[in-house]
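*Asks:*
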Amino acid sequence: MEWEAPAIVLDARPFGEGDAVVTLMTEAHGLHRGLVRGGNSRAGASTWQPGNLVLVRWVARLTDQLGNFTGELVHAGAAMAMDDALALAMLSSLCAVAEGALPEREPHARVFQLLLALVPRMPLGSVMLPDVVRWEAALLSDLGYGLDLSACAMTGEVANLAFVSPRTGRAVTAAVSAAWRHRLLRLPGFLTGTDGSDAADWRDGLRLTGHFLERDAFGHQNRDLPQARRMLYDRVAALAGGSENSDTEQQDA
Amino acid sequence: MGGPEVDRLISLLAKLPGLGPRSARRAALRMLLAPEARMLPLAVALAEAARSVRPCGVCGNLDSRDPCSICADPERDASIVCVVEGVGDLWALERAHVHRGTYHVLGGTLSALAGTRPEDLNVAPLLARVGQGEVAEVILALGATVDGASTAHWLADRLRPLGVAISRVGQGVPVGGALDVLDDGTLAAALRGRRPA
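Chains as they are written, first to last, in this note's numbering: chain L, 84 to 336; chain H, 151 to 347.
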């Protein structure tokens, strides 16, 4: 058995002294693990950093075996993001969320394509945060936990949507949500097509998708939201000037 | 093969980095052929090291003294602290004789996937050292990996309010390296880190 495909490196765990068990995402094969000989060696480790785009070849005797990856670097996404704390936090979060939320060997072409478009643009910094939130919403949707932001759950209005129910994931307008606003999640305008966003919007967006990722995508596996995702939220919350960190995020949700 | 004692010796040696079962057998045989010359001195050295070597209470280096010989050296510039991931990195810098300040060993890097959290690292003593006001510069000498860079950014965020100068080790073209064999990431880092000639 063998195949060759472009892939995004999501994780590389040391195996033995110089090898690594690498988790990749490809368009046709979804999340896929494999052994890389020398993947943790001095020469090989730079290729298998999370966030790198690689052209990979997988070989195994049977389909259900771990198999071996060989590959070459196409784009050093990790190195490009390393100098900027926010870019690196976004890249780490994307990789950790994909690695933890997606099932193995199940194609999620849309999630892959969106991630492929996102990774090389991480060095642009904070302007990429709306796209990170949109990618998380797309991931939730692909996993069957999609948010319904098309119309108000109570009135059917399509304009002035301002909050999301943390229980159903459906949007509501500001007018009808006044009484229990404190229990709802804020819906940032960039998720409903409004132009422009600021740090508070990015924080609200991350809190919104973070709640459903934690409850559904990770909660159903009895796993916590990845640390990298929490650190991204904390960094963006600090940018927004609030004192809310990921612990508050959990309590709020 | 040679009784349970030999098997146990080989299996223990095989667990050491760089040694597999085959090389462990060779090492065991070499020792067993001259126990007085090779085996007993090694056993004594191992026992002494296990008994006396401890992490330094100041920097986390491994030494038989506490504070370690580096922290206790009056010739060292205690106002410059080089933060490294592990003792192996500290030894590498010491081999190169390039740093005359002191060190701080973190004991790892933050890793979402390996589950290493900030509280798992030796960070509080570093912040306490810097907070005492005797440190002028902290050099973050962590690996050029996603985990190393994430840890460096995270540490810098915590050190910045303490008013200390923070620097990171450079990345780029290695000494003796040619540009055409470097990977894209290293080349990009080298260009970003260029300086006036």
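Heads up, the beta-carbon is just placed ideally off N, CA and C, and yes, glycines get one too.
(1) Compute the distance between the beta-carbons of Leu-232 of chain L and Ser-248 of chain L, then report whether it is under 8 angstroms.
(2) Inspect the beta-carbon positions of Val-202 of chain L and Phe-152 of chain L and report whether they are closer than 8 angstroms.
(3) I want to see whether chain L comes within less than 8 angstroms of Pro-167 of chain H, judged by CB atoms only; does it?
(4) Helix, strand or coil, according to DSSP, for His-265 of chain L in the structure here?
(5) I need the straight-line Cα distance from Tyr-253 of chain H to Val-259 of chain L, nearest angstrom please.
(6) Once you ignore the five residues that flank Ser-261 of chain H on each side, which residues in its own chain have a CB closer than 7 angstroms to its CB?
(7) Just to confirm the assignment, what range does the alpha helix (DSSP H) spanning Ile-160 of chain H have?
(8) Quick check: Tyr-228 of chain L and Ala-300 of chain L, are their CB atoms within less than 8 angstroms of each other?
(9) When you compare only the Cα positions, how much space is there between Arg-235 of chain H and Thr-266 of chain H?
(10) If you run the structure through DSSP and keep just helix, strand and coil, what is Ala-95 of chain L?
(11) Run through chain L and tell me which residues come within less than 9 angstroms of Asp-333 of chain H, C-beta to C-beta.
(12) For Ser-209 of chain L, decide whether its Cβ has a neighbour in chain H, counting only Cβ atoms nearer than 8 angstroms.
(13) Put Arg-340 of chain L into one of helix, strand or coil per three-state DSSP.
(14) Can you find a CB in chain L that lies within less than 8 angstroms of the CB of Ser-317 of chain H?
(15) Leaving out five residues before and five after Ala-111 of chain L in sequence, what residues of the same chain have Cβ atoms less than 8 angstroms from its Cβ?
(16) Report the neighbours of Met-171 of chain L on chain H: residues whose CB is nearer than 8 angstroms to its CB, in chain order.
(17) Count the CB pairs spanning the region 129-143 of chain L and the region 154-166 of chain L that are closer than 8 angstroms, and state whether there are at least three.
(18) Suppose the cutoff is 8 angstroms on Cβ atoms and the five residues either side in sequence are ignored; what does the same chain contact list for Ala-336 of chain L look like?
(19) Using a Cβ-Cβ distance cut-off of 8 angstroms, determine whether Thr-259 of chain H contacts chain L.
(20) Since Arg-267 of chain H meets chain L, which of its residues come closer than 8 angstroms, beta carbon to beta carbon?
(21) Comparing C-alpha positions only, which one of L:Cys-178, L:Met-205, L:Ala-245, L:Gln-148 sits nearest to Phe-195 of chain L?
(22) Of the residues L:Asn-305, L:Gly-239, L:Arg-217, L:Leu-308, which one's Cα is nearest the Cα of Thr-275 of chain L?
(23) Is there at least one non-hydrogen atom of the ligand FMN closer than 7 angstroms to the beta-carbon of Ala-320 of chain L?
(24) Taking just the CA atoms, how far does Leu-256 of chain H sit from Leu-309 of chain H?
(25) Please name the residue, chosen from L:Ala-95, L:Thr-130, L:Asp-102, L:Ser-124, that lies closest to His-115 of chain L on a Cα-to-Cα basis.
(26) Within this structure, are the beta carbons of Gly-127 of chain L and Trp-141 of chain L separated by less than 8 angstroms?
(27) Tell me whether His-249 of chain H sits in a helix, a strand or coil according to DSSP, three-state version.
(28) With a floor of 4 residues, list each alpha helix (DSSP H) that falls wholly inside the region 103-159 of chain L, ordered by position along the chain.
(29) Might you give, ordered along the chain, the residues of its own chain that have their beta carbon closer than 6 angstroms to the beta carbon of Ile-316 of chain H, omitting 5 neighbours on each side?
(30) In chain order, what residues of the region 99-121 of chain L put their CB closer than 8 angstroms to some CB of chain H?
(31) What residue does the alpha helix (DSSP H) around Asp-317 of chain L start on, and which one ends it?
(32) Mind listing the chain L neighbours of Ala-338 of chain H? Cutoff is C-beta to C-beta under 9 angstroms, in chain order.
(33) Exposed or buried, what is Val-319 of chain L when buried is set at 16 or more other beta-carbons lying within 10 Å of its beta-carbon?
(34) What does Asp-166 of chain L touch in chain H if you count any residue whose Cβ is under 7 angstroms from its own?
(35) Hey, does Pro-133 of chain L have any beta-carbon neighbour from chain H nearer than 8 angstroms?
(36) Nearest chain H C-beta to Ala-179 of chain L closer than 8 angstroms, yes or no?
*Replies:* In short, the structure shows the following:
(1) If you number the first sequence from 1, residue 232 of chain L lands on position 149. If you number the first sequence from 1, residue 248 of chain L lands on position 165. In this structure, Leu-232 of chain L keeps its C-beta atom at 8 angstroms or more from the C-beta atom of Ser-248 of chain L.
(2) Position 119 of the first sequence, counted from the first residue, corresponds to residue 202 of chain L. Position 69 of the first sequence, counted from the first residue, corresponds to residue 152 of chain L. The Cβ-Cβ distance between Val-202 of chain L and Phe-152 of chain L does not fall below 8 angstroms.
(3) Stepping through the second sequence from its first residue, residue 167 of chain H is reached at position 17. Yes, because at least one Cβ of chain L sits closer than 8 angstroms to the Cβ of Pro-167 of chain H.
(4) Taking the first sequence and counting its residues from 1, one reaches residue 265 of chain L at position 182. DSSP places His-265 of chain L within a helical segment (H, G or I) once states are collapsed to three.
(5) To locate residue 253 of chain H, count along the second sequence from 1; it is residue 103. To locate residue 259 of chain L, count along the first sequence from 1; it is residue 176. Going by the C-alpha atoms only, they are around 59 angstroms apart.
(6) Taking the first residue of the second sequence as 1, we reach residue 261 of chain H at position 111. Short of 7 angstroms from the beta carbon of Ser-261 of chain H, and not among the five residues preceding or following it, lie these beta carbons of its own chain, in chain order: Asp-297.
(7) For the purposes of this step, residue 160 of chain H is identified with residue 10 of the second sequence, where counting begins at 1. Element bounds for Ile-160 of chain H: 154-164.
(8) Indexing the first sequence from 1 puts residue 228 of chain L at position 145. Indexing the first sequence from 1 puts residue 300 of chain L at position 217. Taking 8 angstroms as the Cβ cut-off, Tyr-228 of chain L and Ala-300 of chain L qualify as a contacting pair.
(9) To locate residue 235 of chain H, count along the second sequence from 1; it is residue 85. To locate residue 266 of chain H, count along the second sequence from 1; it is residue 116. The sequence shown places Glu at residue 235 of chain H, rather than the Arg named in the question. Taking C-alpha positions only, Glu-235 of chain H is separated from Thr-266 of chain H by approximately 13 angstroms.
(10) Position 12 of the first sequence, counting from 1, holds the residue named residue 95 of chain L. Correct three-state label for Ala-95 of chain L: strand.
(11) Here residue 333 of chain H refers to the residue found at position 183 when the second sequence is read from its first residue. In chain order: Ser-129, Thr-130, Leu-156, Ala-159, Ala-162.
(12) Here residue 209 of chain L is taken as the residue at index 126 of the first sequence, counted from 1. No, no contact with chain H.
(13) The question about residue 340 of chain L has no answer here: the residues shown for chain L are numbered 84 through 336.
(14) Taking the first residue of the second sequence as 1, we reach residue 317 of chain H at position 167. Not an interface residue.
(15) Taking the first sequence and counting its residues from 1, one reaches residue 111 of chain L at position 28. Here the set comprises Trp-86, Ala-88, Pro-190, Ala-192.
(16) Locating residue 171 of chain L in the first sequence gives position 88, counting from the first residue. According to the sequence as given, residue 171 of chain L is Leu; it is not Met. Contact of Leu-171 of chain L with chain H by beta-carbon distance below 8 angstroms involves Val-296, Ala-299, Ser-300, His-303.
(17) Yes, the region 129-143 of chain L touches the region 154-166 of chain L.
(18) The residue labelled residue 336 of chain L in the question sits at position 253 within the first sequence. Note that Ala-336 of chain L has pLDDT 41, beneath the 50 cutoff, so the model's placement of it is unreliable and the number below is only indicative. Taken in chain order, the residues that qualify are Pro-249, Leu-268, Arg-290, Gly-293, His-294, Glu-297, Arg-298.
(19) The residue given as residue 259 of chain H occupies position 109 in the second sequence. So no, Thr-259 of chain H is outside the interface.
(20) Taking the second sequence and counting its residues from 1, the one referred to as residue 267 of chain H is at position 117. Within chain L, the residues whose beta carbon sits less than 8 angstroms from that of Arg-267 of chain H are Gln-310, listed in sequence order.
(21) As a first step, residue 195 of chain L is located in the first sequence; it is residue number 112 there, counting from the start. Taking Phe-195 of chain L as reference, the option from L:Cys-178, L:Met-205, L:Ala-245, L:Gln-148 with the minimal CA-CA separation is L:Cys-178.
(22) Indexing the first sequence from 1 puts residue 275 of chain L at position 192. Thr-275 of chain L has its Cα closest to that of L:Arg-217, out of L:Asn-305, L:Gly-239, L:Arg-217, L:Leu-308.
(23) In the structure shown, the ligand FMN is absent, as is every other ligand, since no ligand is present at all.
(24) Here residue 309 of chain H corresponds to residue number 159 of the second sequence, with the count starting at 1. Here residue 256 of chain H corresponds to residue number 106 of the second sequence, with the count starting at 1. For Leu-309 of chain H and Leu-256 of chain H, the gap between their C-alpha atoms comes out near 14 angstroms.
(25) Here the question's residue 115 of chain L lines up with position 32 in the first sequence. If we check each option's Cα against that of His-115 of chain L, L:Ala-95 comes out closest.
(26) Position 44 of the first sequence, counting from 1, holds the residue named residue 127 of chain L. Position 58 of the first sequence, counting from 1, holds the residue named residue 141 of chain L. No. Outside cutoff.
(27) As a first step, residue 249 of chain H is located in the second sequence; it is residue number 99 there, counting from the start. Correct three-state label for His-249 of chain H: coil.
(28) Those alpha helix (DSSP H) runs which fall completely within the region 103-159 of chain L and span 4+ residues do not exist here.
(29) Numbered from its first residue, the second sequence carries residue 316 of chain H at position 166. Val-288, Ala-306, Leu-309, listed in sequence order.
(30) Contacts with chain H (Cβ-Cβ distance below 8 angstroms) from the region 99-121 of chain L involve Glu-100, listed in chain order.
(31) Sequence index remark: in the first sequence, residue 317 of chain L carries index 234 (1-based). Taken as a continuous stretch (DSSP letters only), the alpha helix (DSSP H) holding Asp-317 of chain L covers 310-322.
(32) Within the second sequence, the letter at position 188 stands for residue 338 of chain H. Neighbours of Ala-338 of chain H on chain L, chain order: Ala-159, Ala-162, Met-163.
(33) Residue numbering aside, residue 319 of chain L sits at position 236 when the first sequence is read from its first letter. Classification of Val-319 of chain L: buried, given that the 10 Å Cβ count is 16 or more.
(34) The residue given as residue 166 of chain L occupies position 83 in the first sequence. Residues of chain H passing the Cβ test: Arg-342.
(35) On the first sequence, position 50 is the one that residue 133 of chain L refers to. Taking Cβ atoms only, chain H reaches closer than 8 angstroms to Pro-133 of chain L, which makes this a yes.
(36) Residue mapping note: residue 179 of chain L aligns to position 96 of the first sequence, counting from 1. The C-beta of Ala-179 of chain L comes closer than 8 angstroms to at least one C-beta of chain H.
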